[in-house]
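Visitor: One structure coming up, written as C-alpha cells, with questions to follow.
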Amino acid sequence: MNRSSFQQFHWHSQQFGCASNDIDCFYQQLQHQMQRLAMAKQTLGEIAAYPLDLYQSAEPQADKANILISAGFHGEEAAGPWGMLKFLSQLENDIFSQINLSVLPLVNPTGFKAGHRFNQFGENPNRGFAVEDGQAVVSEESSVEGKLLIAHQDLLKTLSRDGILTCHEDVLQHSCYVYSFEPGQAAGAFSTGLRDSLAHYFTLAADSTIDGWNLDKGLIHNHYDSSFESCLVQLGAKRGACSETPALEDFDQRINANCAVMQQFLNFSLKQS
Ligand SMILES: [Zn+2]
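Just so it is clear: in the sequence shown, position 271 is 270 by numbering that gives the first Met the number 0, and no numbers are missing.
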C-alpha cells in the first residue's frame with residue numbers, strides 16, 4: 000500500500016473540542032500556552048498565509064542540555080501537533096531552569112489545514128534534507144518548509160545538540176513504532192524508552208519492513224534517509240527519534256500517546272544532563 004499525498008483525513012478531538020484540522024483553534028491554544036510558559040518565538044519564514052514558528056526557552060543556560068521537539072511535518076498526521084499542545088499544557092515554567100527546550104509545533108500548516116500529507120504546493124516537507132561535508136543542503140526534493148529549516152540550520156543544530164524528537168503518524172497502521180538514532184551504537188535506553196511509552200497506548204508493530212527498512216521490536220534503528228531528524232543527527236545531535244502513532248486508531252488516544260512520547264523524551268534528556 001502507498002500513502003496518498005492529498006487524501007484528506009479529518010478527526011474530532013473530544014479533549015480539545017474541535018476538528019483535527021481546525022488550525023485557528025490550534026494556534027489560539029498554542030498562543031495561550033506559549034504566553035503561560037513565556038517561550039520566545041522566532042518566525043523562520045512564511046508558508047502561504049502561515050508562519051513557520053520556532054519557540055525556545057526564554058533564557059537558555061549554557062550549562063544545560065539543548066533539546067528540540069518538532070511536529071506537524073505531514074498534514075494528515077494531526078495528533079503530533081495536538082499532542083504537542085497537550086505536552087506544553089502540562090509543563091511548568093521551572094522546566095526551563097533544568098533544560099533548554101525548543102519546539103517546532105507545526106511545520107506544515109497548509110497540509111494540516113487541508114488534512115493531507117504534503118503542503119499546498121505538493122511537496123513533502125520531511126524530505127530533501129541532504130547533508131554534504133557536514134552541512135545541510137537544499138536538493139530537488141526540498142520543500143518550502145525544508146528550505147526555511149535548512150536556512151536556519153546553524154540555530155537548529157545548536158538547539159538539537161543533545162537530542163531531537165519529531166512526532167509523526169502512520170495512516171496505514173493500527174500499531175506503533177519508532178525510528179531511532181543513537182549514532183554508532185545499538186538501540187539503547189533512549190530508543191526503547193520512547194518505544195515503550197507508545198506501547199502503553201497501542202500494540203507494537205510486528206517485525207517487518209516499512210518503506211524498505213527493517214522494523215525490529217518496534218524500532219527502525221540508525222537508518223539515515225533525507226528526513227529532518229536524520230539530518231540533525233548527521234549534523235551532530237547526540238540522539239534522535241521519529242515516533243509513529245497509528246492513525247487508524249482513536250484520535251484522542253493518539254494525542255495522548257504523542258504527549259507521552261514527548262514527556263518520555265524530556266525525562267530521558269533531563270536524566271542525561
Ligand atoms: Zn509523517
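Beta carbons are placed, not taken as given, at the ideal position from N, Cα and C, and that holds for glycine.
1. Using a Cβ-Cβ cut-off of 6 Å (strictly less than) and excluding sequence neighbours within five positions of D224, which residues of its own chain qualify?
2. Would you tell me roughly how many angstroms separate the C-alpha atoms of M261 and E139, rounded to the nearest one?
3. Examine ligand 1 and report whether any of its heavy atoms sits within less than 8 Å of the Cβ of E144.
4. Looking at the unbroken alpha helix (DSSP H) that takes in N266, where does it start and where does it end?
5. Given Q28, which residues of its chain have a CB within under 6 Å of its CB, disregarding the five upstream and five downstream residues?
6. Can you tell me which residues form a DSSP beta bridge with V170?
7. Apply the 10 Å Cβ neighbour rule to N123 and answer buried if 16 or more other Cβ atoms are within range, or exposed otherwise.
8. Using only the heavy atoms of ligand 1, determine whether one of them is closer than 8 Å to the beta carbon of N20.
9. Span of the alpha helix (DSSP H) holding H115?
10. If you run the structure through DSSP and keep just helix, strand and coil, what is F128?
11. Taking the alpha-carbon positions, what's the A204 to M33 distance?
12. Is H167 close to ligand 1? I mean its beta-carbon at under 8 Å from any heavy atom of the ligand.
13. Can you tell which of L147, L193, R116, I163 has its C-alpha closest to the C-alpha of R273?
14. What residue does the alpha helix (DSSP H) around Q152 start on, and which one ends it?
15. Using the DSSP secondary-structure output, state which residues sit across from I209 in a beta bridge.
16. Closer than 6 Å by C-beta to H220: which residues in its own chain qualify, once you throw out the five before and the five after it? Chain order, please.
17. By Cβ distance below 7 Å, which residues in the same chain neighbour D169 in space, the five residues on each side in sequence not counted?
Guide: Reading it off the structure:
1. As a first step, residue 224 must be located in the sequence shown, where it is residue number 225. If we look at D224 and ignore the five residues flanking it on each side, it has no Cβ neighbours.
2. Here the question's residue 261 lines up with position 262 in the sequence shown. Here the question's residue 139 lines up with position 140 in the sequence shown. Each residue's Cα considered, the two are about 31 Å apart.
3. To locate residue 144, count along the sequence shown from 1; it is residue 145. Answer for E144: no, Cβ out of range of ligand 1.
4. On the sequence shown, residue 266 is found 267 positions in, with the first residue counted as 1. Here the alpha helix (DSSP H) through N266 covers 250-271.
5. On the sequence shown, residue 28 is found 29 positions in, with the first residue counted as 1. Within the same chain, Q28 has close Cβ partners L84.
6. As a working mapping, residue 170 is identified with position 171 in the sequence shown. Answer is none; V170 lacks a bridge partner.
7. The count along the sequence shown starts at 1 and reaches residue 123 at position 124. By the 10 Å Cβ count, N123 comes out buried.
8. Taking the first residue of the sequence shown as 1, we reach residue 20 at position 21. N20: no, Cβ never under 8 Å from ligand 1.
9. Against the sequence shown, residue 115 aligns to sequence position 116. Taken as a continuous stretch (DSSP letters only), H115 belongs to no alpha helix (DSSP H), as it is neither H nor E.
10. Within the sequence shown, the letter at position 129 stands for residue 128. In the structure shown, F128 sits in a strand (DSSP, three-state: E or B).
11. Taking the sequence shown and counting its residues from 1, one reaches residue 204 at position 205. Taking the sequence shown and counting its residues from 1, one reaches residue 33 at position 34. The straight-line gap from Cα to Cα measures roughly 35 Å.
12. Along the sequence shown, read from residue 1 onward, the residue named residue 167 stands at position 168. H167 Cβ: within cutoff of ligand 1.
13. Since the first and last residues shown for the chain are 0 and 272, residue 273 lies out of range.
14. What you label residue 152 is simply residue 153 of the sequence shown in a count that begins at 1. From DSSP, the alpha helix (DSSP H) with Q152 extends over 152-158.
15. Translated into positions along the sequence shown, residue 209 becomes position 210. According to DSSP, which records beta bridges pairwise, I209 is partnered with W212.
16. Taking the sequence shown and counting its residues from 1, the one referred to as residue 220 is at position 221. Answer for H220: S179, A186, listed in chain order.
17. For the purposes of this step, residue 169 is taken as residue 170 along the sequence shown, with counting starting at 1. Only E243, P245, A246 meet the Cβ criterion.
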